[in-house]
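Notes follow once the structure below has been shown.
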Ligand SMILES: [Cu+2]
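In the numbering used here, the protein residues as written are -2 to 450.
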């Protein structure tokens, strides 16, 4: 581990970017030797075995995929050392946390990048509680080798001050797609596909089974860390009681058979283990299951080949988790956000626009502290988009014209040709990035900056 000040100085003497990189941390100060951090994240190229004989080389955190689970406590400050062993600048974003822009981990908000070979230390006070995650916010680029195409992601669970605790065991599952390549879509533009997919860094059959006992209530915390793909999750013979979305408890903890997670979405759901056997939990769609995106659940005393019957249908509706009777609130102002794409020719990636502008061309969108802003996500493109707002959560207020309340999110999938409305009560001043979480879309202009007036 190279954390000495000498290394920092060598980095800092190289470029202005490296000097900027020191802005957020103690490295500016030559006097005080800091106490050891609560956590340390080392970013480096890693040879990772998805399955015996199937190795990939990718950047990862601390040599493991996913990165280690960070268990933080709401309101208890945490310090994190980040060391970048790569030959390119990196940045770590704390997805779902309501923290200041200088530590949020977004260049566009003013967080410094960590120079090649450099390091920094950040500190923040975790809020809100629940299931969140940390991941690179660097660009993916055309080669599909950087950004979220790598293994640079991990879960962060912020314990609430009062833990509800109505479960016997907890399991954390991170979905990710690997070995990306371009294929031509029907209209001739390029889309990203993958050879393999994993849960917790291993292909189906190559993870240790999750061992359970009949009657147990297991709380699954699931994250889709894919760079670009939405995923379904099913667990044949069992149902999920969804208690939180994106870390925020839902108004109605409804029970469902299948889960859908757009890139960056999280679901916390309790499963009562009432069907003894050996089962597969994972992507029900054949293409993704064959690519490896599943894990085995084994009841005590049971053995044999994992059973994997298909769900009757794939269904997901955010409204299932909303208040029984939607609360009606009047916004103070309305912000229309129209999503469109421009075809760039056969064999090219599309250009993406919000209100007709590709980032960074548009002017910042102004927020007013304390006011209720109604964001109107109007998707006039042919793709679904997982829309993300940094440093805040918003409340869904309508989907395809149907009202709802009681579902807080920081990512929402806005399906093609539809409109989703969400209320943002602006309460965390500072620049705030708004973007599609699909890596190839955000890289191609699908971003905007929100700025407090
Ligand atoms: Cu998108």
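C-beta: ideal position from N, C-alpha, C; glycine also.
**Request:** Could you pull the start and end residues of the alpha helix (DSSP H) that residue 439 belongs to?
**Result:** Element bounds for residue 439: 436 to 440.
**Message:** Is it buried or exposed, residue 105, if we count other Cβ atoms within 10 angstroms and call 16 or more buried?
**Reply:** Around the beta carbon of residue 105, 16 or more other beta carbons sit within 10 angstroms, so the residue counts as buried.
**Message:** Quick check: what's the CA-CA separation for residue 86 versus residue 34?
**Reply:** Straight-line spacing of the CA atoms in residue 86 and residue 34 works out to 22 Å.
**Asked** Cβ of residue 299 within 7 Å of Cβ of residue 274?
**Response** Judged by their CB atoms, residue 299 and residue 274 are nearer to each other than the 7 Å cut-off.
**Asked** Measuring CB to CB, does residue 130 end up less than 7 Å from residue 220?
**Response** Yes, they are a contact pair.
**Asked** Are there 16 or more other CB atoms within 10 angstroms of the CB of residue 52, so buried, or fewer, so exposed?
**Response** By the 16-neighbour rule on beta-carbons within 10 angstroms, residue 52 is exposed.
**Item:** Whole-angstrom distance between residue 184 and residue 165, CA atom to CA atom
**Value:** Inter-residue distance for residue 165 and residue 184 is about 50 Å (C-alpha atoms, whole angstroms).
**Asked** Does the segment 69 to 86 come close enough to the segment 38 to 46 that 3 or more CB-CB pairs lie under 8 Å?
**Response** Touching, per the Cβ criterion.
**Asked** Going straight from the alpha carbon of residue 55 to that of residue 177, what length do you get?
**Response** Rounded to the nearest whole angstrom, the CA to CA distance from residue 55 to residue 177 is 12 Å.
**Request:** Spatial neighbours of residue 468 within its chain, please: CB distance less than 8 Å, with the 5 preceding and 5 following residues excluded, ordered by chain position.
**Result:** Only positions -2 to 450 of the chain appear in the structure, and residue 468 is not among them; the question remains open.
**Asked** From the DSSP output, which residues share a beta bridge with residue 272?
**Response** As DSSP reads the structure, residue 272 sits in no beta bridge.
**Asked** Leaving out five residues before and five after residue 441 in sequence, what residues of the same chain have Cβ atoms less than 6 Å from its Cβ?
**Response** The residues are 346, 348, 349.
**ligand 1 heavy atom lying under 6 Å from the CB of residue 228** = No; taking the cut-off as 6 Å, the Cβ of residue 228 has no heavy atom of ligand 1 nearer than that.
**Request:** Only counting runs of 3 or more residues, tell me where the beta strand (DSSP E) segments fall wholly within the segment 184 to 260, in order along the chain.
**Result:** For the segment 184 to 260, whole beta strand (DSSP E) runs of length 3 or above, ordered along the chain, are 187 to 196, 207 to 209, 214 to 221, 228 to 232, 237 to 242, 255 to 258.
**Helix, strand or coil at residue 144 according to DSSP, with G and I counted as helix** = Here residue 144 sits in helix by DSSP.
**Beta-carbon proximity check, residue 408 vs residue 261, cutoff 7 Å** = Yes, the pair counts as a contact, with Cβ atoms nearer than the cut-off.
**Request:** Can you list the residues near ligand 1, meaning Cβ strictly closer than 7 Å to any non-hydrogen atom, in the order they appear in the chain?
**Result:** Listed along the chain, these residues meet the criterion: 349, 380, 382, 383, 433, 435, 438, 443.
**Asked** Is the beta carbon of residue 447 less than 7 Å from the beta carbon of residue 372?
**Response** Going by beta carbons, residue 447 and residue 372 fall outside the 7 Å limit.
**Prompt:** Which whole-angstrom value describes the C-beta separation of residue 268 and residue 215, a residue pair presumed to lie in contact below a C-beta threshold of 8 Å?
**Reply:** Separation of the CB atoms of residue 268 and residue 215 is rounded to 5 Å, and the pair is thereby assigned contact status at 8 Å.
**Item:** Length of the line joining the Cα atoms of residue 444 and residue 279
**Value:** About 31 Å.
**Message:** If you reduce the DSSP assignment to three classes, tell me which class residue 445 lands in.
**Reply:** Residue 445: strand per DSSP, three-state reduction.
**Best match in 423, 403, 392 for proximity to residue 417 [C-alpha to C-alpha]** = It is 392 whose Cα lies nearest to the Cα of residue 417.
**Item:** Length of the line joining the Cα atoms of residue 242 and residue 217
**Value:** Taken atom to atom, the span from the alpha-carbon of residue 242 to that of residue 217 is near 12 Å.
**Asked** Out of curiosity, what's the CA-to-CA distance linking residue 203 and residue 45?
**Response** In this structure, the CA atom of residue 203 is about 13 Å from the CA atom of residue 45.
**Prompt:** Which residue or residues does DSSP assign as beta-bridge partners of residue 132?
**Reply:** Note: residue 132 sits in a beta bridge opposite 90, 150.
**Request:** Would you be able to state if there are at least three C-beta pairs under 8 Å between the segment 331 to 338 and the segment 374 to 389?
**Result:** Judged by Cβ distances under 8 Å, the segment 374 to 389 makes contact with the segment 331 to 338, as three or more pairs qualify.
**Item:** Test item: CB-CB of residue 151 and residue 58 under 7 Å
**Value:** It is a contact, given that the beta carbons lie within the stated cut-off.
**Item:** As assigned by DSSP and simplified to three states, the class of residue 317
**Value:** When DSSP states are grouped into helix, strand and coil, residue 317 belongs to the helix group.
**Message:** Alpha carbons only, please: which of 435, 48, 356, 270 is nearest the one belonging to residue 199?
**Reply:** That would be 48, whose Cα lies nearest to the Cα of residue 199.
**Asked** Going by Cα to Cα distance, which pick from 340, 411, 420 is closest to residue 405?
**Response** If we check each option's Cα against that of residue 405, 420 comes out closest.
**Asked** Run through DSSP, which three-state label would residue 307 get?
**Response** Looking at residue 307 - three-state DSSP - the assignment turns out to be coil, as it is neither helix nor strand.
**Prompt:** If you compare alpha carbons, which of 133, 297, 426, 141 is closest to residue 271?
**Reply:** Out of 133, 297, 426, 141, 297 has the C-alpha closest to the C-alpha of residue 271.
**Asked** In angstroms, rounded to a whole number, what distance separates the CA positions of residue 234 and residue 295?
**Response** For residue 234 and residue 295, the distance between alpha carbons rounds to 13 Å.
**Prompt:** Between residue 281 and residue 231, is the Cβ-Cβ spacing less than 7 Å?
**Reply:** Taking a C-beta distance under 7 Å as the contact criterion, residue 281 and residue 231 qualify as a contact pair.
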